[in-house]
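Asker:
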Amino acid sequence: MRREFGCLLATCNEQHSISETQRLDFHSPYGCSKGAADQYVHDYARIFDLPTVVFRMSCIAGPRQFGNEDQGWVAHFLYSALQQQAITVYGDGRQVRDVLAVEDLMRAFEAVRGHVAQTAGQVYNVGGGLKNTVSLLELMEQIELLTGCRLHFDREGVRPGDQAIYVTDFSKLRRHIGWEPKMNLEQILDNMYGWWKQNRELFQTAPAASRLRVPELAEAPGAVS
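Heads up, the sequence shown is in numbering that gives the first Met the number 0, so the first residue is 0 and it goes up one at a time.
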């Protein structure tokens, strides 16, 4: 399929950023389950005075994440390109997301816990924000520039519930504890690519006999002869 790029990040600005004050509106059973858990935790903090915190996270990426079509899409794109496996793009590929390094997420966890007197009972949006936004097509281009591997893909129609743009407004978290992301998308991809190069055996399609031995039936516990 012919490659198409060109989703301009200039079309994404603060008006696209999602804050904690935006009304929750679920468009899939998956989203509904996450929203229900969100509300349960928030209500337990309010009613029983439990020191809980709700994090509404954007796209998290980093080393040791394998990813698939439904979760961990940055890893899914990167490792599919490296292994010459085609992926499916739903829609025109110009959907925009903000990406957050897992290392930055861990810093947010620790900072929130360290300021529990202020953060208990709060809801925080946490993500890469406007500086770490990327469209699907742009990520493919960045992966090709980094690795030299072209990511092949097929197109299908937009799925019900898919969002065209999601960008995190993490200003509340920044106000409360001074947190903001340190790593940009280029650093995130570089770290993931480096981890892949050091652990290529984990991506073999079939386990090597020397690494995984299937016992004979007679050797299995409880086997009946």
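All C-beta atoms, glycine included, are put in the ideal place defined by N, C-alpha and C.
Quantities reported herein were computed from a predicted structural model and do not represent experimental measurements.
With a threshold of 8 Å on Cβ separation, who are the neighbours of Glu68 within its own chain once the five nearest residues in sequence on each side are excluded?
Answerer: Cβ within range, chain order: His75, Ile86, Thr87.
Asker: Does the beta carbon of Glu19 come closer than 7 Å to any beta carbon on chain B?
Answerer: Among the chains in the structure shown there is no chain B, since it carries only a single protein chain.
Asker: Secondary structure at Leu99, three-state DSSP: helix, strand or coil?
Answerer: The answer is strand: DSSP assigns Leu99 an E or B state.
Asker: Which word fits Arg158, buried or exposed, when buried means at least 16 other C-beta atoms lie within 10 angstroms of its C-beta?
Answerer: That one is exposed.
Asker: Would you check if the distance between the CB atom of Val52 and the CB atom of Asp37 is smaller than 7 Å?
Answerer: Cβ distance not < 7 Å, so Val52 and Asp37 don't count as in contact.
Asker: Please determine whether the Cβ atom of Val115 lies at a distance below 6 Å from any heavy atom of the ligand GTP.
Answerer: In the structure shown, the ligand GTP is absent, as is every other ligand, since no ligand is present at all.
Asker: Tell me, please, whether the segment 135-152 touches the segment 171-182 by the rule of three or more beta-carbon pairs shorter than 8 Å.
Answerer: Judged by Cβ distances under 8 Å, the segment 135-152 makes no contact with the segment 171-182, as fewer than three pairs qualify.
Asker: Using the Cβ count rule (16 or more neighbours within 10 Å means buried), how would you classify Glu218?
Answerer: The predicted model places Glu218 with a pLDDT of 44, which falls under 50 and marks its position as unreliable; any figure quoted below should be read in that light. Classification for Glu218: exposed.
Asker: When the Cβ atoms of the segment 140-154 are set against those of the segment 107-114, are three or more pairs found closer than 8 Å?
Answerer: Verdict: no, contact absent.
Asker: Would you mind working out which of Arg149, Gln121, Gly61 sits nearest Thr20, comparing C-alpha positions?
Answerer: The shortest Cα separation from Thr20 among Arg149, Gln121, Gly61 belongs to Gln121.
Asker: Identify the residues that DSSP records as bridge partners of Asn124: which are they?
Answerer: In the DSSP output, where bridge partners are listed per residue, Asn124 has Arg55.
Asker: Would Pro50 and Val98 be called neighbours here (beta carbons separated by less than 7 Å)?
Answerer: Not closer than 7 Å, so no.
Asker: Whose C-alpha, out of Leu184, Leu201, Ala163, Thr167, is nearest the C-alpha of Gly90?
Answerer: Measuring from the Cα of Gly90, the nearest candidate turns out to be Ala163.
Asker: If we ignore side chains and look at the alpha-carbon of each, how far apart do Ile187 and Ala100 end up?
Answerer: Their backbone Cα atoms lie some 6 Å apart in a straight line.
Asker: In this structure, how does DSSP classify Val157 when only helix, strand and coil are distinguished?
Answerer: Correct three-state label for Val157: coil.
Asker: Drop a sphere of 10 angstroms on the beta-carbon of Ser16, count the other beta-carbons inside from all chains shown, and report buried for 16 or more, exposed for fewer.
Answerer: So Ser16 counts as buried.
Asker: Measuring alpha carbon to alpha carbon, tell me which of Tyr165, Gly177, Glu185, Gly193 ends up nearest Arg93.
Answerer: Minimum Cα distance to Arg93 is reached at Tyr165.
Asker: Which word fits Ala80, buried or exposed, when buried means at least 16 other C-beta atoms lie within 10 angstroms of its C-beta?
Answerer: The residue is buried, with at least 16 neighbouring Cβ atoms inside 10 Å.
Asker: So what's Ala60 in DSSP terms, helix, strand or just coil?
Answerer: Note: Ala60 maps to strand in three-state DSSP.
Asker: Going by beta carbon distance, what residues of the same chain come within less than 7 Å of Arg63, once the five residues before and after it are set aside?
Answerer: The residues are Trp194.
Asker: What residues match up with Ser16 in a beta bridge as DSSP calls it?
Answerer: Val166, per the DSSP bridge assignment.
Asker: So the candidates are Ala60, Leu77, Asp42; which of them puts its Cα closest to the Cα of Arg149?
Answerer: If we check each option's Cα against that of Arg149, Leu77 comes out closest.
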